[in-house]
Amino acid sequence: MHAVAAGRVALPPAVQTSVAREIRLRHQPDRPALAPRERQILALVANDCSTRIIAERLHLSNETVKTHLRHVYRTLEVSDRAAAVARAMHLGLVE
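Residues in the sequence shown are numbered from 2 upward in steps of one, following the working numbering.
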């Protein structure tokens, strides 16, 4: 905690790894920018969740989920869920 007392930032190793990964990903010029909610929905799509399940888990309407998905498709330049997941995995947006 000497770092904090000296005015520096101290982060646990797990947080350091997460922050470093996000910084690296944000600095990739060919990586499309998705909003955090869009990435969250895309991750659920990658886990084979239906629109209804995603809506229930995130406390959203089905139409809101569909709107986010349309934006994801447009941003990733794809036309369906499978292509969105494949492109997102290729770009490192989801694991």
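Every residue, glycine too, gets a C-beta built ideally from N, C-alpha and C.
{"query": "Is DSSP giving P33 helix, strand or coil here?", "result": "coil"}
{"query": "Pick helix, strand or coil for V16, following the three-state DSSP scheme.", "result": "helix"}
{"query": "Classify L12 as buried or exposed, calling it buried when 16 or more other Cβ atoms lie within 10 Å of its own Cβ.", "result": "exposed"}
{"query": "Report yes if the C-beta distance between R38 and L94 is below 8 angstroms; otherwise report no.", "result": "no"}
{"query": "Here's a check: name, in chain order, each residue in its chain whose Cβ is nearer than 8 angstroms to the Cβ of S62, leaving out the five neighbours to either side.", "result": "A56"}
{"query": "If V73 sits next to L35, beta carbons under 8 angstroms apart, how far is it from one beta carbon to the other, in whole angstroms?", "result": "6 angstroms"}
{"query": "Taking the alpha-carbon of V86 as reference, which of I42, V66, V16 has the nearest alpha-carbon?", "result": "I42"}
{"query": "From N48 to A7, what distance separates their C-alpha atoms?", "result": "44 angstroms"}
{"query": "Alpha helix (DSSP H) containing R88: first to last residue?", "result": "82 to 92"}
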